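Right, one structure below, let's go through it.
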Amino acid sequence: MDNVFNFAKQLIEKANRVILKSYDKIRTISYKKGDFNLVTNVDHEVEALILKEINSKYPDHSIVAEESGIHTKNLKYQWFIDPIDGTTNFAHGYPCFCISIGFSVNNILEFGLIKNPLTDELYSARKNKGAKLNRKVISVSKIKTLRDSLLVTGFSYDRKNPKTNNFNNFRNLTLVSQGVRRDGAAALDLCYVASGKVDGFWELKLSPWDVAAGALILKEAGGKITKFKGKKYDLYSKEIVATNGFIHSELIKHLK
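48 is the number that the numbering used here gives to position 39 of the sequence shown; each next residue is one higher, with no gaps.
Below you can see the structure in the form of C-alpha coordinates.
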(Lines of atoms letter the chains of each structure in order from A and count residues from 1; the text may use other names and numbers.)
(Lines give C-alpha, C1' and ligand atoms only; values in the text may rest on other atoms or scores of the structure.)
Protein backbone atom coordinates (compact mmCIF):
# COMPACT_ATOMS: atom_id res chain seq x y z
CA MET A 1 0.00 0.00 0.00
CA ASP A 2 2.95 2.34 0.56
CA ASN A 3 3.77 2.25 -3.15
CA VAL A 4 0.20 3.06 -4.19
CA PHE A 5 -0.04 5.88 -1.66
CA ASN A 6 3.26 7.42 -2.76
CA PHE A 7 2.20 7.15 -6.39
CA ALA A 8 -1.04 8.99 -5.55
CA LYS A 9 0.86 11.75 -3.74
CA GLN A 10 3.04 12.30 -6.79
CA LEU A 11 -0.02 12.19 -9.03
CA ILE A 12 -1.95 14.83 -7.10
CA GLU A 13 1.07 17.15 -7.31
CA LYS A 14 1.18 16.70 -11.10
CA ALA A 15 -2.52 17.57 -11.28
CA ASN A 16 -1.89 20.53 -8.99
CA ARG A 17 0.68 21.96 -11.39
CA VAL A 18 -1.76 21.76 -14.30
CA ILE A 19 -4.37 23.71 -12.34
CA LEU A 20 -1.92 26.38 -11.22
CA LYS A 21 -0.75 26.95 -14.79
CA SER A 22 -4.36 27.39 -15.91
CA TYR A 23 -5.78 29.41 -13.03
CA ASP A 24 -5.18 32.90 -14.43
CA LYS A 25 -6.02 31.99 -18.01
CA ILE A 26 -9.34 32.16 -19.84
CA ARG A 27 -11.25 28.92 -19.41
CA THR A 28 -13.72 27.18 -21.67
CA ILE A 29 -16.94 26.66 -19.68
CA SER A 30 -19.80 24.34 -20.59
CA TYR A 31 -22.82 22.89 -18.80
CA LYS A 32 -23.37 19.21 -18.01
CA LYS A 33 -26.96 19.11 -16.76
CA GLY A 34 -29.12 22.06 -15.76
CA ASP A 35 -28.25 25.69 -15.26
CA PHE A 36 -25.77 25.31 -12.40
CA ASN A 37 -23.59 22.26 -13.17
CA LEU A 38 -20.47 23.67 -14.83
CA VAL A 39 -17.42 21.96 -16.27
CA THR A 40 -14.28 23.58 -17.69
CA ASN A 41 -11.60 22.44 -20.08
CA VAL A 42 -9.25 22.26 -17.10
CA ASP A 43 -11.49 19.69 -15.35
CA HIS A 44 -11.18 17.50 -18.43
CA GLU A 45 -7.44 18.09 -18.77
CA VAL A 46 -6.70 17.24 -15.14
CA GLU A 47 -8.92 14.16 -15.14
CA ALA A 48 -7.36 12.91 -18.38
CA LEU A 49 -3.90 13.25 -16.81
CA ILE A 50 -4.93 11.36 -13.67
CA LEU A 51 -6.64 8.56 -15.58
CA LYS A 52 -3.71 8.16 -17.96
CA GLU A 53 -1.26 7.84 -15.07
CA ILE A 54 -3.42 5.34 -13.15
CA ASN A 55 -4.14 3.23 -16.23
CA SER A 56 -0.45 3.14 -17.06
CA LYS A 57 0.70 2.20 -13.54
CA TYR A 58 -2.27 0.05 -12.48
CA PRO A 59 -4.11 -1.09 -15.64
CA ASP A 60 -6.36 -3.52 -13.76
CA HIS A 61 -7.73 -0.95 -11.29
CA SER A 62 -11.26 0.48 -11.56
CA ILE A 63 -11.83 4.23 -11.56
CA VAL A 64 -14.88 6.28 -10.55
CA ALA A 65 -14.36 9.79 -11.91
CA GLU A 66 -16.59 12.87 -12.07
CA GLU A 67 -16.25 13.83 -15.71
CA SER A 68 -15.77 10.49 -17.47
CA GLY A 69 -17.83 8.22 -15.23
CA ILE A 70 -17.08 4.68 -14.08
CA HIS A 71 -14.26 2.68 -15.64
CA THR A 72 -14.92 -0.85 -14.39
CA LYS A 73 -12.09 -3.37 -14.31
CA ASN A 74 -11.06 -5.19 -11.15
CA LEU A 75 -13.54 -3.97 -8.53
CA LYS A 76 -11.21 -5.04 -5.73
CA TYR A 77 -9.21 -1.86 -6.39
CA GLN A 78 -11.11 1.40 -6.94
CA TRP A 79 -10.00 4.99 -7.37
CA PHE A 80 -12.38 7.91 -6.72
CA ILE A 81 -11.34 11.00 -8.65
CA ASP A 82 -12.62 14.56 -8.61
CA PRO A 83 -10.22 16.61 -10.76
CA ILE A 84 -11.63 19.91 -9.50
CA ASP A 85 -14.10 19.88 -6.64
CA GLY A 86 -15.59 23.36 -6.67
CA THR A 87 -15.63 23.86 -10.44
CA THR A 88 -18.00 26.83 -10.27
CA ASN A 89 -15.59 28.57 -7.91
CA PHE A 90 -12.65 27.76 -10.18
CA ALA A 91 -14.50 28.98 -13.27
CA HIS A 92 -15.16 32.35 -11.63
CA GLY A 93 -11.74 32.73 -10.03
CA TYR A 94 -13.15 32.28 -6.52
CA PRO A 95 -10.31 30.73 -4.48
CA CYS A 96 -12.00 27.66 -3.00
CA PHE A 97 -11.51 24.42 -4.92
CA CYS A 98 -9.40 21.28 -4.71
CA ILE A 99 -8.30 17.98 -6.22
CA SER A 100 -9.63 14.86 -4.50
CA ILE A 101 -8.24 11.32 -4.82
CA GLY A 102 -9.51 8.35 -2.81
CA PHE A 103 -8.54 4.69 -3.05
CA SER A 104 -10.32 1.59 -1.74
CA VAL A 105 -9.57 -2.13 -1.56
CA ASN A 106 -12.54 -4.48 -1.29
CA ASN A 107 -14.81 -1.45 -0.74
CA ILE A 108 -12.78 -0.26 2.26
CA LEU A 109 -11.10 3.12 1.90
CA GLU A 110 -7.34 2.81 2.29
CA PHE A 111 -6.25 6.40 1.77
CA GLY A 112 -7.48 9.82 0.76
CA LEU A 113 -5.69 12.90 -0.57
CA ILE A 114 -7.14 16.39 -1.04
CA LYS A 115 -5.04 19.24 -2.38
CA ASN A 116 -5.92 22.94 -2.34
CA PRO A 117 -3.74 24.36 -5.14
CA LEU A 118 -3.91 28.00 -4.07
CA THR A 119 -2.96 27.46 -0.42
CA ASP A 120 -0.62 24.50 -1.07
CA GLU A 121 -2.48 22.55 1.62
CA LEU A 122 -2.45 18.77 1.27
CA TYR A 123 -4.89 16.91 3.49
CA SER A 124 -4.20 13.20 3.72
CA ALA A 125 -5.18 10.09 5.62
CA ARG A 126 -4.43 6.39 5.60
CA LYS A 127 -6.63 3.78 7.20
CA ASN A 128 -5.84 3.44 10.91
CA LYS A 129 -2.91 5.87 10.64
CA GLY A 130 -4.53 9.21 11.37
CA ALA A 131 -4.98 12.34 9.28
CA LYS A 132 -2.60 15.14 8.37
CA LEU A 133 -2.51 18.63 6.92
CA ASN A 134 0.81 18.63 5.11
CA ARG A 135 3.02 17.03 7.79
CA LYS A 136 0.98 18.09 10.81
CA VAL A 137 -1.40 15.66 12.50
CA ILE A 138 -4.95 17.04 12.60
CA SER A 139 -8.02 16.29 14.70
CA VAL A 140 -11.59 17.48 14.98
CA SER A 141 -12.66 20.25 17.35
CA LYS A 142 -13.79 19.80 20.95
CA ILE A 143 -16.88 22.00 20.63
CA LYS A 144 -19.67 20.32 22.58
CA THR A 145 -22.87 22.17 21.60
CA LEU A 146 -24.56 23.27 18.41
CA ARG A 147 -24.98 26.76 19.84
CA ASP A 148 -21.20 27.17 19.97
CA SER A 149 -20.56 25.53 16.60
CA LEU A 150 -19.58 26.87 13.20
CA LEU A 151 -21.12 24.77 10.42
CA VAL A 152 -20.66 24.38 6.70
CA THR A 153 -22.98 23.02 4.01
CA GLY A 154 -23.67 23.06 0.30
CA PHE A 155 -26.55 23.09 -2.17
CA SER A 156 -27.31 20.53 -4.85
CA TYR A 157 -27.42 21.48 -8.53
CA ASP A 158 -31.18 20.86 -8.41
CA ARG A 159 -31.84 24.05 -6.46
CA LYS A 160 -35.38 24.50 -7.76
CA ASN A 161 -36.55 21.33 -5.99
CA PRO A 162 -37.63 22.34 -2.45
CA LYS A 163 -37.28 18.74 -1.20
CA THR A 164 -33.55 18.61 -1.87
CA ASN A 165 -32.31 22.19 -2.23
CA ASN A 166 -31.33 22.38 1.47
CA PHE A 167 -32.58 25.96 1.89
CA ASN A 168 -34.79 25.23 4.91
CA ASN A 169 -32.01 23.36 6.72
CA PHE A 170 -29.64 26.22 5.99
CA ARG A 171 -32.06 28.76 7.44
CA ASN A 172 -32.94 26.71 10.52
CA LEU A 173 -29.36 25.88 11.46
CA THR A 174 -28.20 29.45 10.93
CA LEU A 175 -30.57 30.42 13.75
CA VAL A 176 -29.24 27.88 16.27
CA SER A 177 -25.48 27.94 15.65
CA GLN A 178 -22.63 30.45 15.41
CA GLY A 179 -23.22 30.46 11.66
CA VAL A 180 -23.32 28.35 8.50
CA ARG A 181 -20.78 28.75 5.72
CA ARG A 182 -21.25 27.69 2.10
CA ASP A 183 -17.92 27.41 0.29
CA GLY A 184 -18.94 25.23 -2.66
CA ALA A 185 -16.39 22.40 -2.36
CA ALA A 186 -17.60 19.42 -0.31
CA ALA A 187 -14.20 17.73 -0.19
CA LEU A 188 -12.69 20.81 1.45
CA ASP A 189 -15.69 21.11 3.76
CA LEU A 190 -14.92 17.64 5.11
CA CYS A 191 -11.28 18.59 5.57
CA TYR A 192 -12.29 21.70 7.48
CA VAL A 193 -14.31 19.58 9.90
CA ALA A 194 -11.38 17.15 10.16
CA SER A 195 -8.95 19.93 11.04
CA GLY A 196 -11.26 21.70 13.50
CA LYS A 197 -11.83 24.81 11.41
CA VAL A 198 -15.56 24.06 11.52
CA ASP A 199 -17.50 21.66 13.70
CA GLY A 200 -20.08 20.08 11.40
CA PHE A 201 -21.13 19.61 7.79
CA TRP A 202 -24.20 18.28 6.03
CA GLU A 203 -25.27 18.07 2.41
CA LEU A 204 -27.56 16.25 -0.03
CA LYS A 205 -27.05 14.54 -3.40
CA LEU A 206 -23.28 14.22 -3.35
CA SER A 207 -21.41 11.60 -5.38
CA PRO A 208 -18.66 9.14 -4.37
CA TRP A 209 -15.89 11.23 -5.93
CA ASP A 210 -17.02 14.22 -3.83
CA VAL A 211 -16.66 12.47 -0.51
CA ALA A 212 -14.42 9.37 -0.70
CA ALA A 213 -11.14 11.01 0.26
CA GLY A 214 -12.71 13.51 2.66
CA ALA A 215 -14.73 10.87 4.49
CA LEU A 216 -11.61 8.90 5.37
CA ILE A 217 -9.70 12.04 6.35
CA LEU A 218 -12.52 13.02 8.70
CA LYS A 219 -12.82 9.58 10.27
CA GLU A 220 -9.07 9.35 10.81
CA ALA A 221 -9.19 12.79 12.46
CA GLY A 222 -11.71 11.48 14.99
CA GLY A 223 -14.93 12.65 13.34
CA LYS A 224 -18.26 10.94 12.80
CA ILE A 225 -20.25 10.41 9.59
CA THR A 226 -23.83 9.16 9.15
CA LYS A 227 -26.90 9.78 7.07
CA PHE A 228 -29.49 12.33 8.20
CA LYS A 229 -31.32 9.97 10.57
CA GLY A 230 -28.12 8.61 12.05
CA LYS A 231 -28.04 5.49 9.89
CA LYS A 232 -24.81 4.07 8.50
CA TYR A 233 -23.25 6.10 5.69
CA ASP A 234 -21.64 4.72 2.54
CA LEU A 235 -20.14 6.48 -0.47
CA TYR A 236 -23.32 6.06 -2.50
CA SER A 237 -25.61 7.56 0.13
CA LYS A 238 -27.41 10.68 -1.07
CA GLU A 239 -27.15 12.51 2.23
CA ILE A 240 -24.29 13.03 4.64
CA VAL A 241 -23.78 14.45 8.12
CA ALA A 242 -20.16 14.81 9.23
CA THR A 243 -19.18 16.31 12.57
CA ASN A 244 -16.66 16.33 15.38
CA GLY A 245 -18.86 13.70 17.05
CA PHE A 246 -19.85 15.85 20.01
CA ILE A 247 -22.57 17.81 18.18
CA HIS A 248 -23.70 14.99 15.91
CA SER A 249 -26.96 14.03 17.60
CA GLU A 250 -27.97 17.63 18.14
CA LEU A 251 -27.28 18.56 14.50
CA ILE A 252 -29.27 15.60 13.20
CA LYS A 253 -32.34 16.71 15.17
CA HIS A 254 -32.51 19.89 13.07
CA LEU A 255 -32.24 18.21 9.66
CA LYS A 256 -35.30 17.40 7.58
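From the three backbone atoms N, C-alpha and C, an ideal C-beta is built for every residue, glycine too.
Quantities reported herein were computed from a predicted structural model and do not represent experimental measurements.
| query | result |
| --- | --- |
| In DSSP terms, what K145 is bridged to | L142 |
| Unbroken stretches of the beta strand (DSSP E), 3 residues or longer, contained in the region 11-98 | 38-40, 47-49, 70-74, 78-80, 83-94 |
| Own chain, CB closer than 8 angstroms to N115, minus 5 neighbours either side, in chain order | K85 |
| Runs of beta strand (DSSP E) wholly within the region 147-181 (minimum 3 residues, chain order) | 159-162 |
| C-beta contact flag for R92 and D129 at 7 angstroms | With the sequence shown as reference, residue 92 is identified as Pro, and Arg is not the correct amino acid for it. In this structure, D129 does not lie closer than 7 angstroms to P92 by Cβ. |
| I241 to K247 span [Cα, whole Å] | As written in the sequence, residue 241 is Lys, which differs from the Ile given in the question. Those two C-alpha atoms are separated by around 12 angstroms. |
| Bounding residues of the alpha helix (DSSP H) (the contiguous stretch that carries K228) | 217-229 |
| T128, DSSP secondary structure in three states | coil |
| Cβ-Cβ distance between T154 and W211 below 7 angstroms | no |
| Rounded straight-line distance, which links the Cα of Y67 to that of V185 | 48 angstroms |
| Buried/exposed call for L29, threshold 16 Cβ in 10 Å | exposed |
| Nearest to F14 (by Cα), restricted to the options I63, D94, P171, I256 | I63 |
| Beta-bridge pairing of F120 - partner residues as DSSP gives them | F112, R135 |
| Check whether D69 and K61 have beta carbons under 7 angstroms apart | no |
| According to DSSP, residues forming a beta bridge with C200 | DSSP, once it has assigned bridges, lists no residue as partnering C200. |
| Between the CA atoms of E56 and E76 - distance to the nearest angstrom | 7 angstroms |
| Under 7 angstroms between C-beta atoms of A134 and I256 | no |
| Continuous alpha helix (DSSP H) stretch holding V260: start and end | Residue identity check: residue 260 is Leu in the sequence provided, not Val. Note, L260: alpha helix (DSSP H), 257-262. |
| Own chain, CB closer than 7 angstroms to Y201, minus 5 neighbours either side, in chain order | V161, V207 |
| The region 102-115 in contact with the region 193-200 per 3-pair CB rule at 8 angstroms | yes |
| Neighbour-count burial assignment, D157, 16 or more Cβ in a 10 Å radius | exposed |
| Cβ separation of V189 and F176, assumed to be a contact under 8 angstroms, to the nearest whole Å | That pair is no contact at about 11 angstroms. |
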